[in-house]
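Reviewing the structure listed below.
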């Protein structure tokens, strides 16, 4: 089994290119409030979405190594681009459960058997990896899939310009081809996008269902921990420790926005 | 002197966080066509504009080391954020001329004695360093300076969405406070911004003079090389060698856009 040496009281390890993955942490804190969480954001090298698959795989391995060295019981890749390019490699490299955001999102998107036309918005790296398109097509034949690179959304979310008229124009440009093709489901395949849900609801036909990486990943993680009998049995509220490879006031403020609560002390991480 | 060991036929070394600094290279190729150029873009860790001063200084030293190890005769910091945070450190660390973009821009902005109100647009990192504000205030007392962080411009330029209506809305939001304050000069203090000049000309009053980092830095570099008697005396056209810390089709296409001509072979750089 090999599983026994992972003590259930050990923290869950999360990593992302920056602080966007904290939307996943927030969803996990809601579902699994007594788990301890160790979060690593690679803010020194963010974003991953525009970089090469080789670079992303190297970064993801260094990020995961940091978490494993600190004794986490499982790894959550809280970044769509890193999941898209590095998940198989991470599963080969580390002898503990590695959960990505893609499988969870795809499962959730296809839970409704009536789904026929799925739209995906994500970073360029995620879309070009074809990871979502493959996963969807494998699970349901005959599905119509429309993938849309949306590289300007992360900068708008990070600037907190979500309600700026320019953000609406950018979103309309990205969404128009998807709406024209009559999608019934839109996958928000970047951990920054949950913050866009109110604007997306306003711009999209009411019938379009939104599937976001954060909540679907949290639900998937819970199912996996139950299945593997790895839930933390402590009664108290779990702690959250945040490590960033580059620290700045900017990143700390952004972390608080993604987490929607005080984040506690944030530490600088040095990767091996 | 120590200068004699730098052979005039050695290449000029340029570095930037990415490929934006190629606007400076292009301007230098126009002014100094027979110089060889070695360019390093730290695409694996871009952008620098949102990162901490400590991270930027560390990155800049590694970038400069790469160039020095390859025998360049001078270093051009073709990045405003890196100039703002790391120029003094680089000058201390390396025994060869190190040229930044700020001094050159400030000199050019103040060449006209009638200048009274200067606006600056740049990345958050450059503006918060106060490097431009300090340099301007030191050179001319009584000058009125308005600095505007413009973090969304780089993403729009990189996406080639310069003519998208959203880009115009973003620019108007950034420019409005500067125009209201009656600036007579606008410093484009990011090496990506020369590509925005046509849109800026359309949005700004005709009387506002634009000062861009690329041409002013090239002129400054030429003056410095003449002063130090370091011009390359070869007759033929100089070569250009581009090294990027992360290679992708995306970055190669972007490099061609900034350079406005074929870039030749682009190599992957591994920093020490």
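Chains as they are written, first to last, in the numbering used here: chain A, 117 to 388; chain B, 117 to 388. We treat Cβ as the ideally placed atom computed from N, Cα and C, and that holds for glycine.
task = Tell me, please, whether the CB atom of residue 185 of chain A is closer than 9 Å to any CB atom in chain B?
result = As a first step, residue 185 of chain A is located in the first chain; it is residue number 69 there, counting from the start. No, residue 185 of chain A does not count as interfacial toward chain B.
Contact list for residue 240 of chain A against chain B, beta-carbon separation under 9 Å = In the first chain, residue 240 of chain A corresponds to position 124, counting from 1. The contacting residues are 366.
message = So that I know if they touch, is there some Cβ in chain B lying closer than 9 Å to that of residue 197 of chain A?
response = Here residue 197 of chain A is taken as the residue at index 81 of the first chain, counted from 1. So no, residue 197 of chain A is outside the interface.
query = So which of A:226, A:243 and A:265 has the shortest CA-CA distance to residue 258 of chain A?
reply = If you number the first chain from 1, residue 258 of chain A lands on position 142. That would be A:226, whose Cα lies nearest to the Cα of residue 258 of chain A.
query = If the cut is a Cβ gap below 7 Å, which residues of chain A does residue 234 of chain B touch?
reply = Stepping through the second chain from its first residue, residue 234 of chain B is reached at position 118. Chain A residues near residue 234 of chain B: none, gap ~24 Å exceeds 7 Å.
ask   = What residues from chain A crowd round residue 362 of chain B, counting only those whose CB sits closer than 7 Å?
value = Indexing the second chain from 1 puts residue 362 of chain B at position 246. Neighbours of residue 362 of chain B on chain A, chain order: 167, 168 and 171.
Minimum length 3: unbroken beta strand (DSSP E) runs contained in the region 281 to 341 of chain A = 301 to 304 and 325 to 328
Spatial distance of residue 125 of chain B from residue 348 of chain B (CA atoms) = The count along the second chain starts at 1 and reaches residue 125 of chain B at position 9. The count along the second chain starts at 1 and reaches residue 348 of chain B at position 232. Approximately 5 Å, taken between the alpha carbons.
message = Measuring alpha carbon to alpha carbon, tell me which residue in B:312, B:299, B:371 and B:216 is nearest residue 321 of chain B.
response = Indexing the second chain from 1 puts residue 321 of chain B at position 205. Ranking the options by Cα distance to residue 321 of chain B, first place goes to B:299.
query = Using a beta-carbon distance below 9 Å, is residue 289 of chain B in contact with chain A?
reply = Against the second chain, residue 289 of chain B aligns to sequence position 173. It does; some Cβ of chain A falls within 9 Å.
query = Which residue spans inside the region 341 to 385 of chain B form an unbroken beta strand (DSSP E) run of at least 3?
reply = 356 to 360 and 382 to 384
key: Chain-ordered chain A contacts of residue 285 of chain B [CB-CB under 7 Å]   = To locate residue 285 of chain B, count along the second chain from 1; it is residue 169. Neighbours of residue 285 of chain B on chain A, chain order: 281, 282 and 285.
query = Does the beta carbon of residue 160 of chain B come closer than 9 Å to any beta carbon on chain A?
reply = As a position in the second chain, residue 160 of chain B is number 44, starting the count at 1. For residue 160 of chain B, the answer is yes, since a Cβ of chain A falls inside 9 Å of its Cβ.
request  = To the nearest angstrom, report how far apart residue 167 of chain B and residue 145 of chain B are at their CA atoms.
outcome  = For the purposes of this step, residue 167 of chain B is taken as the residue at position 51 of the second chain. For the purposes of this step, residue 145 of chain B is taken as the residue at position 29 of the second chain. Distance between the alpha carbons of residue 167 of chain B and residue 145 of chain B is about 30 Å.
inquiry  = According to DSSP, is residue 235 of chain A part of a helix, a strand, or is it coil?
reply    = For this step, residue 235 of chain A is matched to residue 119 along the first chain. Of the three classes helix, strand and coil, the one that applies to residue 235 of chain A here is strand, per DSSP.
key: Validate contact between the region 256 to 270 of chain A and the region 159 to 178 of chain A using beta carbons, cut 8 Å, 3 pairs   = yes
inquiry  = For the region 224 to 243 of chain A against the region 173 to 187 of chain A, do three or more pairs of beta-carbon atoms, one drawn from each stretch, fall closer than 8 Å, so that the two count as touching?
reply    = no
ask   = Out of curiosity, what's the CA-to-CA distance linking residue 324 of chain A and residue 193 of chain A?
value = Counted from its first residue, the first chain places residue 324 of chain A at position 208. Counted from its first residue, the first chain places residue 193 of chain A at position 77. In a straight line, the C-alpha of residue 324 of chain A is about 27 Å away from that of residue 193 of chain A.
ask   = Thinking just about the alpha-carbon of each residue, which of A:245, A:271, A:293 and A:295 is nearest to the one in residue 286 of chain B?
value = To locate residue 286 of chain B, count along the second chain from 1; it is residue 170. Out of A:245, A:271, A:293 and A:295, A:271 has the C-alpha closest to the C-alpha of residue 286 of chain B.
ask   = So is residue 272 of chain B in contact with chain A if we call contact Cβ pairs under 9 Å?
value = Against the second chain, residue 272 of chain B aligns to sequence position 156. At least one chain A Cβ lies under 9 Å of residue 272 of chain B.
ask   = Are the CB atoms of residue 306 of chain A and residue 215 of chain A nearer to each other than 9 Å?
value = Working through the first chain from its first residue, we reach residue 306 of chain A at position 190. Working through the first chain from its first residue, we reach residue 215 of chain A at position 99. No, these two residues do not count as a Cβ contact at 9 Å.
request  = Please confirm if residue 120 of chain A has its CB atom under 9 Å from at least one CB of chain B.
outcome  = Locating residue 120 of chain A in the first chain gives position 4, counting from the first residue. Any reading at residue 120 of chain A must be qualified, since the residue scores a pLDDT of 49, below 50, and its modelled position is unreliable; no value is offered.
request  = Classify residue 210 of chain B as helix, strand or coil using the three-state DSSP reduction.
outcome  = Along the second chain, read from residue 1 onward, the residue named residue 210 of chain B stands at position 94. Residue state, collapsed to three classes: coil.
ask   = Where residue 303 of chain A and residue 131 of chain A are concerned, what is the direct C-alpha to C-alpha distance, given to the nearest angstrom?
value = The residue you call residue 303 of chain A lines up with position 187 of the first chain. The residue you call residue 131 of chain A lines up with position 15 of the first chain. Straight-line Cα distance between these residues: approximately 21 Å.
task = Check the DSSP bridge columns for residue 129 of chain B and list the partner residues they point to.
result = In the second chain, counting from the first residue as 1, residue 129 of chain B sits at position 13. B:154 and B:191, per the DSSP bridge assignment.
Counterpart residues of residue 264 of chain B in DSSP-defined beta bridges = Within the second chain, the letter at position 148 stands for residue 264 of chain B. DSSP lists B:237 as partners of residue 264 of chain B.
task = Just the chain B side, please: which residues come within less than 9 Å of residue 267 of chain A by C-beta, in chain order?
result = Residue 267 of chain A sits at position 151 when you count from the first residue of the first chain. Within 9 Å Cβ-Cβ: 271, 274 and 275.
request  = Under 8 Å by Cβ, that's how I've got residue 150 of chain B and residue 354 of chain B pegged, so tell me the actual separation to the nearest angstrom.
outcome  = Here residue 150 of chain B refers to the residue found at position 34 of the second chain. Here residue 354 of chain B refers to the residue found at position 238 of the second chain. Indeed they touch by this definition, with Cβ atoms about 5 Å apart.
ask   = In chain order, what residues of the same chain have a beta carbon less than 7 Å from the beta carbon of residue 385 of chain B, not counting five sequence neighbours either side?
value = Position 269 of the second chain holds residue 385 of chain B. Answer for residue 385 of chain B: 156, 182, 359, 360 and 361, listed in chain order.
task = Would you list the one or two residues that DSSP bridges to residue 215 of chain A?
result = Locating residue 215 of chain A in the first chain gives position 99, where the first residue counts as 1. Note: residue 215 of chain A sits in a beta bridge opposite A:192.
query = For residue 261 of chain A, which of A:148, A:128, A:351 and A:294 has the nearest alpha-carbon?
reply = For the purposes of this step, residue 261 of chain A is taken as residue 145 along the first chain, with counting starting at 1. Measuring from the Cα of residue 261 of chain A, the nearest candidate turns out to be A:294.
ask   = Taking DSSP as the reference, what is the three-state secondary structure of residue 256 of chain B?
value = On the second chain, position 140 is the one that residue 256 of chain B refers to. In this structure, residue 256 of chain B counts as coil in the three-state DSSP scheme.
ask   = Under 9 Å between C-beta atoms, does residue 341 of chain A make it to chain D?
value = Chain labels in this structure do not include chain D; the protein chains are A and B.
key: Close beta carbons around residue 311 of chain B, own chain, < 8 Å, minus the five adjacent residues each side   = Here residue 311 of chain B refers to the residue found at position 195 when the second chain is read from its first residue. Excluding sequence neighbours, residue 311 of chain B sits near 139, 273, 278, 373 and 374.
message = Using a Cβ-based criterion (distance less than 8 Å to any ligand heavy atom), does residue 310 of chain A qualify as near the ligand SAH?
response = In terms of ligand content, the structure shown is empty, and the ligand SAH therefore cannot be addressed.
Backbone CA spacing between residue 143 of chain A and residue 288 of chain B [nearest angstrom] = Against the first chain, residue 143 of chain A aligns to sequence position 27. Against the second chain, residue 288 of chain B aligns to sequence position 172. Going by the C-alpha atoms only, they are around 37 Å apart.
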